[in-house]
Amino acid sequence: MKFIKRFIIALIILVVVVAGGVYFWLKSTAPDYSGSLNIKGLHQPVNVTFDEYGVSHINAADAHDAYLALGYIHAQDRLFQMEMIRRVAGGTLSEILGKALIPTDKKLRNLQLYKMANKSADLFFKTNDKQWQKDTRAYLEGVNTFVDKGNLPIEFTLIDFKPEHFTIQDVYATIGYMAFTFTSALTQDPAVSKVKNKLGEKYLKLFNLDSAAVASTHKQYDPVAELFPDFKEFQEYIPIPIWEGSNNWVVSKDRSKSGHPILANDTHIAYAQPAVWYEAVLNYPGQMISGYYLAGIPYPVVGNTGQHAWGVTIFPFDNMDLYKEKLNPDNSNQVWENDHWQDMTVDKETIKVKGADDVTYNIKVTRHGPVMNEAYPNMVQQDKQPVTLWWALQHLDGTVIQALYYINTAQSMEEFRKGCSLIDLLGLNVLYADTDDNIAWWASGRLVKRNADVNPSTVLDGASGKDEPLGFYPFELNPQSENPEDGMLETSNNQPAAVNGEIYPGYYSPGYRAARAKQLLNSQNKWSPVEMERIQLDNYSQRDAMITKLVLNEVGTDNFASKNAVYAQAIKALQNWDGKSDVNNIGVTIYTKMLYYVLEQAMADEMGEKSFKKSVSSNLVRSSIERLFTNSDCIWWDNINTPEKETRKDAFRMGLDEAITSLQQQLGDDVSKWR
Numbered sequence: 035m036k037f038i039k040r041f042i043i044a045l046i047i048l049v050v051v052v053a054g055g056v057y058f059w060l061k062s063t064a065p066d067y068s069g070s071l072n073i074k075g076l077h078q079p080v081n082v083t084f085d086e087y088g089v090s091h092i093n094a095a096d097a098h099d100a101y102l103a104l105g106y107i108h109a110q111d112r113l114f115q116m117e118m119i120r121r122v123a124g125g126t127l128s129e130i131l132g133k134a135l136i137p138t139d140k141k142l143r144n145l146q147l148y149k150m151a152n153k154s155a156d157l158f159f160k161t162n163d164k165q166w167q168k169d170t171r172a173y174l175e176g177v178n179t180f181v182d183k184g185n186l187p188i189e190f191t192l193i194d195f196k197p198e199h200f201t202i203q204d205v206y207a208t209i210g211y212m213a214f215t216f217t218s219a220l221t222q223d224p225a226v227s228k229v230k231n232k233l234g235e236k237y238l239k240l241f242n243l244d245s246a247a248v249a250s251t252h253k254q255y256d257p258v259a260e261l262f263p264d265f266k267e268f269q270e271y272i273p274i275p276i277w278e279g280s281n282n283w284v285v286s287k288d289r290s291k292s293g294h295p296i297l298a299n300d301t302h303i304a305y306a307q308p309a310v311w312y313e314a315v316l317n318y319p320g321q322m323i324s325g326y327y328l329a330g331i332p333y334p335v336v337g338n339t340g341q342h343a344w345g346v347t348i349f350p351f352d353n354m355d356l357y358k359e360k361l362n363p364d365n366s367n368q369v370w371e372n373d374h375w376q377d378m379t380v381d382k383e384t385i386k387v388k389g390a391d392d393v394t395y396n397i398k399v400t401r402h403g404p405v406m407n408e409a410y411p412n413m414v415q416q417d418k419q420p421v422t423l424w425w426a427l428q429h430l431d432g433t434v435i436q437a438l439y440y441i442n443t444a445q446s447m448e449e450f451r452k453g454c455s456l457i458d459l460l461g462l463n464v465l466y467a468d469t470d471d472n473i474a475w476w477a478s479g480r481l482v483k484r485n486a487d488v489n490p491s492t493v494l495d496g497a498s499g500k501d502e503p504l505g506f507y508p509f510e511l512n513p514q515s516e517n518p519e520d521g522m523l524e525t526s527n528n529q530p531a532a533v534n535g536e537i538y539p540g541y542y543s544p545g546y547r548a549a550r551a552k553q554l555l556n557s558q559n560k561w562s563p564v565e566m567e568r569i570q571l572d573n574y575s576q577r578d579a580m581i582t583k584l585v586l587n588e589v590g591t592d593n594f595a596s597k598n599a600v601y602a603q604a605i606k607a608l609q610n611w612d613g614k615s616d617v618n619n620i621g622v623t624i625y626t627k628m629l630y631y632v633l634e635q636a637m638a639d640e641m642g643e644k645s646f647k648k649s650v651s652s653n654l655v656r657s658s659i660e661r662l663f664t665n666s667d668c669i670w671w672d673n674i675n676t677p678e679k680e681t682r683k684d685a686f687r688m689g690l691d692e693a694i695t696s697l698q699q700q701l702g703d704d705v706s707k708w709r
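Next up, the structure:
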């Protein structure tokens with residue numbers, strides 16, 4: 035008995051000791067928010083405080099010290115995130131995570147982000163006389179000081195890895211990766227091509243693409259469409275979230291109760307841990323910047339300086355095209371280029387793999403860009419013709435760092451506009467307000483010139499030279515507005531109005547969010563910041579309310595309600611739904627399921643089940659929902675796999691039935707709990 039008692043006591047002591055050791059070890063890897071540090075390179079002492087939300091407030095004697103401190107603090111809180119982003123950008127995940135990531139690394143390396151990064155670093159960082167060069171280098175000095183001296187986050191211990199120093203090239207590659215998350219070309223273009231090739235041009239009318247989509251006579255290839263589900267799966271696997279939709283708006287002094295402009299912005303980015311945004315406040319002589327930073331980038335993308343404020347949404351114009359090349363049957367290293375066979379260049383790639391041998395392979399590159407076939411094994415083609423990726427990013431200088439510097443430090447609207455004009459690698463709708471009572475909007479990014487008969491929404495002809503890009507439009511022709519007469523501006527990733535008759539192609543979101551914001555802003559003449567919160571929290575969808583009413587009127591509700599008590603309650607909840615997406619709203623739960631199943635009834639037979647499931651959340655489909663539901667004669671309603679001709683009413687009825695059955699199986703018979 036004494037032995038058992040002693041054993042239990044010893045076991046308890048052992049557990050306490052081990053638990054204590056684990057606690058202190060974990061604590062040693064946590065960020066340090068108090069005390070003093072002696073950091074080499076600072077000109078003067080820097081005071082860093084953290085508020086109740088963990089936001090850092092940096093007070094420094096000069097810009098160099100402010101950005102060095104920012105780099106150190108940013109790394110302390112986000113170093114593993116920084117590491118993962120640069121590894122995603124470079125396709126080096128296998129080096130720390132193992133051989134399972136080799137296919138992902140191949141897809142990422144096909145983007146050749148570090149080729150762009152090396153070019154931009156060579157162009158802009160050979161000297162150190164510009165302030166944006168000094169700020170960026172000081173920021174990296176702070177990051178690397180933490181890499182050398184700080185307590186590395188626990189993730190590095192768990193994978194037994196110590197990060198290398200961060201470089202200018204890493205900053206550009208991170209910007210490039212963010213630009214990549216803005217584009218939908220690798221998902222939408224193959225999907226459109228698949229629909230066109232399998233079903234014909236008449237099926238494309240639903241998507242409201244450029245008229246060239248119907249007029250195009252270039253031969254397309256079904257196998258290219260297999261890139262679509264393959265790329266979608268890859269997108270979901272990578273450890274950094276893709277950017278979603280966003281909203282921003284601004285009202286002028288005449289529409290504000292304070293007599294000064296008010297700017298509101300909510301940037302919709304997929305949930306992540308840690309969060310994508312990092313908030314910090316910098317103060318040094320002549321400058322205050324309060325903003326939201328991305329990991330590894332020295333300037334905030336959204337913020338205010340006390341003199342001006344700005345917010346952003348994605349401007350998803352089309353700056354990426356897929357080309358079908360013509361391979362020389364006698365020389366697998368040549369493709370046809372206008373009137374002759376042209377050698378492809380070959381980039382040798384070596385992927386380091388944790389716990390395994392290196393993987394060496396080649397990426398072939400044509401005038402359009404890298405060949406995609408090997409990185410996307412689903413692209414099995416009988417004729418083995420290469421598909422290449424043309425991306426504007428590889429043909430631009432990369433002036434985003436300069437752009438962000440001018441945006442952050444502008445002393446006037448003219449200087450801020452200059453910053454927006456330098457945004458080249460990605461598309462941003464930038465809204466602006468200042469203490470001089472100016473408001474403005476600039477759709478920023480280098481817009482691609484193309485021939486009028488080229489439809490960039492499909493895979494293009496890479497051999498003839500007829501589909502080649504013609505360069506870029508000047509910034510002056512980008513959509514923009516300064517101090518509009520109605521005193522308000524808003525963007526929601528929607529397509530802007532034509533500029534000089536030119537509609538720029540892109541992967542725009544449906545316009546109902548923008549329309550709702552405009553409707554609310556017009557609902558009263560003057561606004562306060564508190565009242566703006568109502569708009570940001572608004573979750574009413576006029577489109578969804580209209581579709582619900584349309585479906586219920588079309589199918590009739592008596593037959594559904596009479597099936598059983600569950601159906602009766604579900605139909606009543608839909609009838610009473612007010613179009614809002616409140617947390618406890620039952621109607622929105624049923625509507626969302628119904629919407630999915632009606633779309634499945636309409637589109638899965640044409641697209642194929644796998645492609646439908648990957649595309650249903652895309653802007654291609656989302657932008658077409660209202661057109662589809664309100665057109666009873668739309669060709670998509672008929673199921674091509676049956677001899678009968680199905681109607682819209684059939685799809686509505688089966689979709690609603692599947693929605694209720696699915697929810698009953700998933701959440702039970704108590705409809706009141708369908709939240």
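To get the numbering used here, take the position in the sequence shown, counting from 1, and add 34. For every residue, glycine included, the Cβ atom is placed at its ideal position computed from N, Cα and C.
The continuous beta strand (DSSP E) containing Q514 extends over residues 514-516.
Judged by their CB atoms, K386 and S128 are nearer to each other than the 8 Å cut-off. Here the alpha carbon of G234 sits roughly 52 Å from the alpha carbon of E198. In the assembly as shown, L462 is a buried residue. Its beta-carbon has 16 or more other beta-carbons within 10 Å. C454 and N407 have their C-alpha atoms roughly 36 Å apart. For M322, the number of other beta carbons within 10 angstroms of its own is below 16, and it is reported as exposed. Unbroken alpha helix (DSSP H) stretches of 4 residues or longer found wholly inside the region 569-632: 576-589, 592-595, 599-610, given in chain order. One alpha carbon belongs to E189, the other to M118, and they sit about 11 Å apart.
As summarised for the region 298-381, the continuous beta strand (DSSP E) elements at least 3 residues long and confined to that stretch are 311-318, 321-328, 336-338, 342-348, 354-358, 365-371, 374-377, given in chain order. If you look at T138, you'll find it in the alpha helix (DSSP H) that goes 136-143. Of the candidates L456, V464, N512, N512 places its Cα closest to the Cα of V482. According to the DSSP assignment, F190 belongs to the alpha helix (DSSP H) that extends over 188-192. The Cβ neighbour count for I193, taken over all protein chains shown within 10 Å, is under 16; the residue is labelled exposed.
Cβ neighbours of V380 within its own chain (closer than 8 Å, five residues either side excluded): N367, N396, I397, K398, V399.
Taking a contact to require three or more Cβ pairs closer than 8 Å, the region 613-625 and the region 640-657 do not qualify as touching.
Listed as beta-bridge partners of P404 by DSSP are V399.
Fewer than three beta-carbon pairs drawn from the region 474-491 and the region 286-303 are found closer than 8 Å, and the two stretches are therefore not classed as touching. A172 sits away from H108, with the two beta carbons spaced by 8 Å or more. In the DSSP assignment, D684 falls within the unbroken alpha helix (DSSP H) covering 682-701. With fewer than 16 other CB atoms across the displayed protein chains lying within 10 angstroms of its CB, K196 is exposed.
Taking a contact as a CB-CB distance under 8 Å, the pair N282 and L438 does not count as one, their CB atoms being some 17 Å apart. Under the three-state reduction of DSSP, E383 is assigned to strand. Taking the Cα positions, E567 is about 42 Å away from T126.
Straight through space, the alpha carbons of R577 and I441 are spaced by roughly 36 Å.
Residue environment: G345 is assigned as buried (16 or more neighbouring CB atoms within 10 Å of its CB, all protein chains considered). Using a Cβ distance threshold of 8 Å, W670 and Y237 count as a contacting pair. Residue pairing by DSSP puts E524 in a beta bridge opposite W283. Beta-bridge partners of V482 (DSSP): F506. For the options L460, R550, D468, Y333, the alpha carbon positioned closest to that of E448 is the one of D468. Taking R289 as reference, the option from E643, P518, Y357 with the minimal CA-CA separation is P518. An exposed status is given to R709, since fewer than 16 other beta-carbon atoms sit within 10 Å of its beta-carbon. Considering only D391, V336, L423, the residue with the shortest C-alpha distance to S280 is V336. Within its own chain, the residues whose Cβ lies closer than 7 Å to the Cβ of P530, once the five positions on either side in sequence are excluded, are A477, P513, listed in chain order. For V585, the CB contacts under 6 Å within the same chain, skipping 5 residues up- and downstream, are F686 in chain order. Taking the Cα positions, L494 is about 13 Å away from A225. The Cβ atoms of M354 and A486 lie no closer than 8 Å to each other.
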